[in-house]
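To keep things clear, I will list the structure first and then write my remarks on it.
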Amino acid sequence: MTEDGAKAADYVTEPAFDRKLKVSRVREVICNVLKARLTGTVYHADNTSTWAREIADEIKLKLKEEDWPRYKYAVQVFIGEQRGEGVRLGCRGFWDPKTDNYAHETFSNESLFCVAAAFGVYLY
Numbered sequence: 062m063t064e065d066g067a068k069a070a071d072y073v074t075e076p077a078f079d080r081k082l083k084v085s086r087v088r089e090v091i092c093n094v095l096k097a098r099l100t101g102t103v104y105h106a107d108n109t110s111t112w113a114r115e116i117a118d119e120i121k122l123k124l125k126e127e128d129w130p131r132y133k134y135a136v137q138v139f140i141g142e143q144r145g146e147g148v149r150l151g152c153r154g155f156w157d158p159k160t161d162n163y164a165h166e167t168f169s170n171e172s173l174f175c176v177a178a179a180f181g182v183y184l185y
């Protein structure tokens, strides 16, 4: 017992196994959004920032609909012109590997490429 009368076991610090973020489902959500939004799209530099913001917001909204309790999401979307050049993207973060996770997907056509990454962080 603590001073305020709560038992130590009353406070949950990890989600149950079936309530953890599912990377395969997150990848599926990202892939579906990218295909729906970018299939047949032609790259235009003036539109990419708007597209990236809209795609990130849609991915985040669909992840919230999955109803993983106490998870917060950060979504990054990169859109570039397809010119046959290589691109490397990286990220760093500080999190708990037992509860937090991420997924990423790529989409490309003749005109553009897009990389989207979604990070799910469990709030204690």
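Numbers given in my numbering equal positions in the sequence shown, counted from 1, plus 61. No residue lacks a Cβ here, since even glycine has one placed at the ideal position from N, Cα and C. As the structure is a computational prediction, the values presented were derived from the model and not from experiment.
Three-state secondary structure (DSSP) at residue i?
i       : result
Leu-95  : helix
Lys-133 : strand
Phe-155 : coil
Leu-173 : strand
Glu-142 : strand
Glu-166 : strand
Val-90  : helix
Val-84  : helix
What do you reckon, are the CB atoms on residue i and residue j nearer than 8 Å?
i       : j       : result
Ser-110 : Gln-143 : no
Val-84  : Ala-164 : yes
Trp-156 : Arg-80  : no
Can you tell which of the options has the C-alpha that lies nearest to the C-alpha of residue i?
i       : options                            : result
Val-148 : Lys-159, Val-176 and Val-136       : Val-176
Phe-139 : Thr-160, Cys-152 and Glu-127       : Cys-152
Gln-137 : Phe-180, Asp-79, Arg-80 and Ala-77 : Phe-180
Glu-119 : Thr-160, Tyr-134 and Asp-79        : Tyr-134
Val-31  : Phe-78, Tyr-185 and Phe-174        : Residue 31 is absent from the structure shown; the chain starts at 62 and stops at 185.
Leu-195 : Glu-166, Val-90 and Lys-159        : Because the chain in this structure spans residues 62 to 185, residue 195 falls outside the shown range and cannot be described.
Just confirm the distance between the C-beta atoms of residue i and residue j, as a whole number of angstroms; I'd bet it's less than 8 Å.
i      : j       : result
Thr-73 : Tyr-132 : This sequence places Val at residue 73; Thr is not what is there. Val-73 to Tyr-132, Cβ: 13 Å. No contact.
Leu-99 : Asn-170 : 7 Å
Hey, could you find the ends of the alpha helix (DSSP H) residue i is sitting in?
i       : result
Asp-118 : 106-126
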